[in-house]
Amino acid sequence: RYASALRQRISDEPPPSLYSVSRGTRVRVFVAMPAAVDGKVAGVVYLSRTPNNIVKHLYGERGKVGLAAIAILGGTLLIGLVFLRTVSRPIYALMERTKRIAAGDRDAIRPLDHHGTREMAALSDAFLDMAEKLHARSDSIQTFATHVSHELKSPLTAIQGAAELLRDSGSAMDEGERRRFSNNIVTDAERLNLLVRRLLDLARAENLAPGGESTLVGAALALLPAEDRLAVRVEGGGDIRLRMSAENAAIVLANLIDNSARHGATLVSITAASAGGKATILVSDDGAGISPSNRGRIFEPFFTTRRDAGGTGMGLGIVLALLKAH
35 RYASALRQRI
45 SDEPPPSLYS
55 VSRGTRVRVF
65 VAMPAAVDGK
75 VAGVVYLSRT
85 PNNIVKHLYG
95 ERGKVGLAAI
105 AILGGTLLIG
115 LVFLRTVSRP
125 IYALMERTKR
135 IAAGDRDAIR
145 PLDHHGTREM
155 AALSDAFLDM
165 AEKLHARSDS
175 IQTFATHVSH
185 ELKSPLTAIQ
195 GAAELLRDSG
205 SAMDEGERRR
215 FSNNIVTDAE
225 RLNLLVRRLL
235 DLARAENLAP
245 GGESTLVGAA
255 LALLPAEDRL
265 AVRVEGGGDI
275 RLRMSAENAA
285 IVLANLIDNS
295 ARHGATLVSI
305 TAASAGGKAT
315 ILVSDDGAGI
325 SPSNRGRIFE
335 PFFTTRRDAG
345 GTGMGLGIVL
355 ALLKAH
């Protein structure tokens, strides 16, 4: 039978002065093959050989090794080019776009010229959508701050003017003039107080976390303040549940009623109904209604057509913010 063995090569002779490639390995292969004559083993062919080391083997296969190296290098370059085009270039483009947006360049809020992969396209779209919303939010805050400054400045200026007149010329005024200026100060102070309350209500409404609190429509209606400017008629639905607190529901209804009163209504009708697990509350009045030119602006903060009657233009904004929060 055939047999082979691999042994560590241990030479008793010192290494030659010149390095021998054929002897550069530390193993030797032994092979034995029996020779049979007439079915009997007549002898054994015994061979041994020191195998080529890795350097000589690679040198002998240098053609194949070169082709393999070229193939690996080409594949690596191809992968690098694909990675550069589909990942690196869109990432650097997105980074450059973020710097432009951070510097206030609004023209940079647009889709990238080259997205690469679908994931990079989704990431880019999500980022640009976030940037657009942040810019819109910034514009809204800036506009809101401008309106707040204007709304607060008017009564403050009036209060300051009346107070200075009373201080400088109060002794020369008669009782009627002093009372008139004092009433102006009180009226403007009340307007400031109303503005501050509405601002606080709006801030709470916009930052309100929706909860599982539930209340009856009747409980919310019971919290409404007494109204002597118009009549409020409730046409059923008091047992319908709302997914908001009674206080918040009362704020919504009170602002709607106040808005009707400021626009000349004499009767407000409140009707509640439930369908498909959702509650619907209809608030209507007999006032003049909203003109077509103003319908798109009624929820804008500080927009009002009754400023001379004490309107702040924030009531419907508070209503919208509370309803969105729920």
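Each number in my numbering corresponds to the 1-based position in the sequence shown with 34 added.
Glycine included, C-beta positions come from ideal geometry on N, C-alpha and C.
Runs of the alpha helix (DSSP H) lying entirely within the region 283–360, each at least 4 residues long, are 349–359 in chain order. In this model, Met67 and Lys74 are separated by some 13 Å (Cα to Cα). Leu301 is classed as exposed because its beta carbon has fewer than 16 other beta carbons within 10 Å across all chains shown. A straight-line Cα-Cα distance of about 16 Å links Gly138 and Asp163. Here Ala260 carries a coil assignment [DSSP, helix/strand/coil]. In the DSSP assignment, Pro68 is bridged to Val78.
Shortest Cα-Cα distance from Ile352 to any of Phe117, Thr338, Leu233 and Val317 involves Leu233. By the CB criterion at 9 Å, Arg152 and Ala142 fall outside the cutoff. Inclusion of Ala165 and His148 in the CB contact set at 9 Å is not warranted, their separation being larger than that value.
Exclusion of the five residues before and after Arg214 leaves no residue of its chain whose Cβ lies closer than 8 Å to its Cβ.
In its chain, beyond the 5 residues on either side, Ile332 have a beta carbon closer than 8 Å to the beta carbon of Ile324. Under the three-state reduction of DSSP output, Arg212 falls in the helix class.
Listed in chain order, the non-local C-beta contacts of Thr177 below 7 Å within the same chain number zero, local neighbours out to five positions each way being set aside. Counting along the chain, the unbroken alpha helix (DSSP H) around Val182 starts and ends at Arg152 to Ser203. With respect to the 9 Å criterion, Ile315 and Thr305 are classified as neighbours on the basis of their beta carbons. Contact between the region 182–202 and the region 219–230 is established, with three or more Cβ pairs separated by less than 8 Å.
Taking C-beta separations shorter than 8 Å and ignoring five residues to either side along the sequence, the partners of Leu264 in its chain run Ile291, Ser294, Ala295, Ala299, Thr300, Leu301, Val302 and Asp319, following chain order. DSSP places Arg231 in the helix class (H, G or I) of the three-state scheme.
Just measuring C-alpha positions, the residue of Asp202, Asp72, His184 and Tyr93 sitting nearest Leu229 is His184.
Under DSSP, the beta-bridge partners assigned to Ala265 are Leu301. The DSSP-derived three-state label of Leu276 is strand.
Asn289 sits away from Gly330, with the two beta carbons spaced by 9 Å or more. If you ignore the 5 residues before and after Ser174, its C-beta comes within less than 6 Å of no other C-beta in its own chain.
Just so you know, the alpha carbons of Ile106 and Leu118 end up roughly 18 Å apart.
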